[in-house]
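If you want the working numbering, it's the 1-based position in the sequence shown plus 320.
Quick reminder that beta carbons are idealized off the backbone N, C-alpha and C, glycines included.
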Amino acid sequence: MNKELEIATKKEAEEFSRLAVTKESKNLIKLFFLFEKLNKNYEKTANSISNVAIFGNGVMGKGIIWLFSKYLKDVRIKLRDITQAHVIIKDVSKIYEYLVKSRKMTKNQMDFKLNTISYTDKLSGFKNMEFVIEAIVEDEEIKKQTYKQLETVLNDNAIIATNTSSISINKLGSDLKNKENFLGVHFFNPVNLMPLVEVIPSKHTSKETINKVFELLISCGKTPILVGDCAGFIVNRILLPYLNEAAFILSEGSRIEHIDFLIKNFGMPMGPFTLADTVGIDVGYKVATILNQEYGDRMPVAPLLEKMYESKYHGLKTDAGFYEYDGKDNFINPHVTPMLQNNNKIISDEEIVQRCIYIMINEASRCLEENIVTDASTIDFAMITGTGFPAYKGGLLTYANEVGLRNILESLRQFEKDYGERFTPSNLLVKLVENYEDFETGEALWKH
Numbered sequence: 321m322n323k324e325l326e327i328a329t330k331k332e333a334e335e336f337s338r339l340a341v342t343k344e345s346k347n348l349i350k351l352f353f354l355f356e357k358l359n360k361n362y363e364k365t366a367n368s369i370s371n372v373a374i375f376g377n378g379v380m381g382k383g384i385i386w387l388f389s390k391y392l393k394d395v396r397i398k399l400r401d402i403t404q405a406h407v408i409i410k411d412v413s414k415i416y417e418y419l420v421k422s423r424k425m426t427k428n429q430m431d432f433k434l435n436t437i438s439y440t441d442k443l444s445g446f447k448n449m450e451f452v453i454e455a456i457v458e459d460e461e462i463k464k465q466t467y468k469q470l471e472t473v474l475n476d477n478a479i480i481a482t483n484t485s486s487i488s489i490n491k492l493g494s495d496l497k498n499k500e501n502f503l504g505v506h507f508f509n510p511v512n513l514m515p516l517v518e519v520i521p522s523k524h525t526s527k528e529t530i531n532k533v534f535e536l537l538i539s540c541g542k543t544p545i546l547v548g549d550c551a552g553f554i555v556n557r558i559l560l561p562y563l564n565e566a567a568f569i570l571s572e573g574s575r576i577e578h579i580d581f582l583i584k585n586f587g588m589p590m591g592p593f594t595l596a597d598t599v600g601i602d603v604g605y606k607v608a609t610i611l612n613q614e615y616g617d618r619m620p621v622a623p624l625l626e627k628m629y630e631s632k633y634h635g636l637k638t639d640a641g642f643y644e645y646d647g648k649d650n651f652i653n654p655h656v657t658p659m660l661q662n663n664n665k666i667i668s669d670e671e672i673v674q675r676c677i678y679i680m681i682n683e684a685s686r687c688l689e690e691n692i693v694t695d696a697s698t699i700d701f702a703m704i705t706g707t708g709f710p711a712y713k714g715g716l717l718t719y720a721n722e723v724g725l726r727n728i729l730e731s732l733r734q735f736e737k738d739y740g741e742r743f744t745p746s747n748l749l750v751k752l753v754e755n756y757e758d759f760e761t762g763e764a765l766w767k768h
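Dropping the structure here:
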């Protein structure tokens, strides 16, 4: 028996030694230290935020309500209709019930947390709120009207935040009196599982406001990253071209299940069509439209997405998107096929994966070029924690370095010839290749 243990221990040590020096191991270690660094990225204040209010009680709103009720003393919900309260508390309770079932929390603890939540259909009781976040409809004018109402009741030091996924923070805050207290705080769905939060200041937001929000989010178990103001910010700006490209590919050739299989086989947690159905094709279409308005022809909306939006095939929420859903089962939606007019081109598996992934790398390069973030590792972290990009590959730009930027540039130039402006290589990518640099070594080429 001892001899067998000795052999097994030796074998385990050999395998560990082999794995410890692989690029996958190094990528995961690098990610761990980045996580640690980001979670200490604030200065502790004497008066940290202890009470918050939430406007909006859709899927995102309920997730945010749950998060703050778990960690803070006082959470207030603003309702349009007071009769909504029961349904909202019930839905928030469902998230807690999972923690109770998995023995991470007792029933008494759950009840105590739920008792921190109060609600109102008026703007009463907001005078002492330190932080208010809205997660309402993605409409610039409706959001602005909400902030105007809030400023009439909040004290001058209160922070107002928006959970917008795509609208410019400078635009949203343009009419505010206390612009220094306004910023974007973009959570990801589901809020209880996704660690990433994008924090987007406007050009007026004070450093004190940013620091207090970072402290709040980190104390609530989230990992915030600082992102410059632009349409789509980081994750959606990079992710939407990927979802859009999958729809373009499907319109030309291939099949829904085959494209999903290839991308999942690449390492993504789900294929682009499964993801589109999960997020909601209506949400994806609206964000894609906002990005198209901002970035023009290089971010066109795939006609297929528009057709599905207009046909009310919005994904899981309507039981039909690219797939039809029946309980836990799903099937290809047969109504999508008639929307594909010229779906007869033969596209290689390699091209399918490259078009989906390289278009993201190109947009990530533009984000660095525009100083939306200051380093490539932040984009890697955001794509891993915000979209499920495979961590063992080190993140989107680490993967690009591994493939070779010259190879990616050559492919993008060919795709640009074949498919147009959406594949035009970024200036930074061209510059990195010309200078024999990559996203790890070429930081001086985008920092200015």
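*Could you check what DSSP says for K398 in three-state terms: helix, strand or coil?*
It is a strand residue.
*Check whether N371 and N448 have beta carbons under 8 Å apart*: In this structure, N448 lies closer than 8 Å to N371 by Cβ.
*asked:* Here's the rule I'm using: 16 or more other beta-carbon atoms within 10 Å means buried, otherwise exposed. How should I462 be labelled?
replied: I462 is exposed by the Cβ-count criterion.
*To the nearest angstrom, report how far apart F759 and M680 are at their CA atoms.*
Near 14 Å, if we compare the C-alpha coordinates of M680 and F759.
*How should N664 be labelled, buried or exposed, when 16 other C-beta atoms within 10 angstroms of its C-beta is the threshold for buried?*
Exposed is the call here.
*Smallest Cα separation from V750: which of N682, G604, A764, L716?*
Looking at the Cα atoms, N682 is the closest of the given residues.
*For H506, name the three-state secondary structure that DSSP assigns.*
The answer is strand: DSSP assigns H506 an E or B state.
*Alpha carbon to alpha carbon, how far is H578 from M588?*
Distance between the alpha carbons of H578 and M588: 14 Å.
*Could you have a look at P561 and say whether DSSP puts it in helix, strand or coil?*
Helix.
*Beta carbon of F593 nearer than 8 Å to that of F651*: With respect to the 8 Å criterion, F593 and F651 are not classified as neighbours on the basis of their beta carbons.
*Is the beta carbon of N755 less than 8 Å from the beta carbon of T543?*
Not closer than 8 Å, so no.
*In terms of residue numbering, what span does the alpha helix (DSSP H) encompassing Y756 cover?*
Element bounds for Y756: n/a, residue is neither H nor E.
*Residue closest to G552, alpha-carbon to alpha-carbon, out of E332, E630, T484*: By alpha-carbon distance to G552, the top candidate from E332, E630, T484 is T484.
*Y615 versus P521: straight-line alpha-carbon distance, rounded*: Roughly 21 Å between the two C-alpha positions.
*Rank F534, C550, T436 by C-alpha distance to the C-alpha of Q613 and give the top, closest one.*
When each option's Cα is compared against that of Q613, the closest is C550.
*By a C-beta neighbour count over all protein chains shown, 10 Å radius and 16 as the cutoff for buried, is P658 buried or exposed?*
Exposed, because fewer than 16 other Cβ atoms sit within 10 Å of the Cβ of P658.
_So for S306, helix, strand or coil by DSSP?_
Outside the shown range of the chain, which is 321 to 768, sits residue 306, and nothing can be said about it.
*Reducing DSSP to helix, strand and coil, say where G714 ends up.*
G714 carries a coil assignment under DSSP once its states are collapsed to helix, strand and coil.
*asked:* Would Y362 and N531 be called neighbours here (beta carbons separated by less than 8 Å)?
replied: Closer than 8 Å, so yes.
*Could you have a look at K527 and say whether DSSP puts it in helix, strand or coil?*
In this structure, K527 counts as helix in the three-state DSSP scheme.
*My understanding is that L546 touches V519, with C-beta atoms under 8 Å, so please give their C-beta distance in whole angstroms.*
About 6 Å separates the beta carbon of L546 from that of V519, a gap short enough to meet the 8 Å contact definition.
_Three-way DSSP call (helix, strand, coil) for V372 in this model_ = Looking at V372 - three-state DSSP - the assignment turns out to be strand.
*Taking one C-beta from the region 688-707 and one from the region 523-538 each time, how about it: are there three or more such pairs within less than 8 Å?*
When C-beta atoms of the region 688-707 are compared with those of the region 523-538, fewer than three pairs fall below 8 Å, so the two segments do not count as touching.
_Quick check: what's the CA-CA separation for A632 versus G724?_
Per the sequence shown, the amino acid found at residue 632 is Lys instead of Ala. Distance between K632 and G724, taken at the CA atoms: about 41 Å.
_Rounded to the nearest angstrom, what separates I384 and Y416 at their Cα positions?_
Cα to Cα, the separation comes out at about 13 Å.
*Closest Cα partner of I437 within the set D394, V511, Y467*: Minimum Cα distance to I437 is reached at D394.
*Among I479, S413, L392, which residue has its Cα nearest to the Cα of E528?*
Nearest C-alpha to E528: I479.
_So if DSSP puts P515 in a beta bridge, which residue, or which two residues, is it bridged to?_
For P515, which the question treats as bridged, DSSP gives no partner whatsoever.
*Reference Y467, options T440, N498, G445, G548, closest by Cα*: A check of alpha carbon separations from Y467 across T440, N498, G445, G548 identifies N498 as the nearest.
*Thinking L611 and S486 are a contact (beta carbons under 8 Å), I'd like their distance in whole angstroms, please.*
With a Cβ gap of about 7 Å, L611 and S486 count as contacting.
*Looking only at C-alpha atoms, which of F735, P620, F432 sits nearest to I672?*
Closest by C-alpha distance to I672, out of F735, P620, F432, is F735.
*Output the boundary residues of the beta strand (DSSP E) element that contains Y643.*
From DSSP, the beta strand (DSSP E) with Y643 extends over 643-646.
*Which runs of the alpha helix (DSSP H) fall wholly inside the region 438-506 and span at least 4 residues, in chain order?*
The qualifying runs are 460-471, 489-492.
*With a CB to CB cut of under 8 Å and the five nearest residues on each side skipped, what residues in its chain are close to L729?*
Excluding sequence neighbours, L729 sits near P745, L749, V750, V753.
_Between A684 and I699, how many whole angstroms is the CB-CB distance? I'm expecting something under 8 Å._
Right, their Cβ atoms sit about 5 Å apart.
_On a Cα-Cα basis, can you pick out the residue from L765, I677, A566, G381 that is closest to N457?_
Per the sequence shown, the amino acid found at residue 457 is Val instead of Asn. Out of L765, I677, A566, G381, G381 has the C-alpha closest to the C-alpha of V457.
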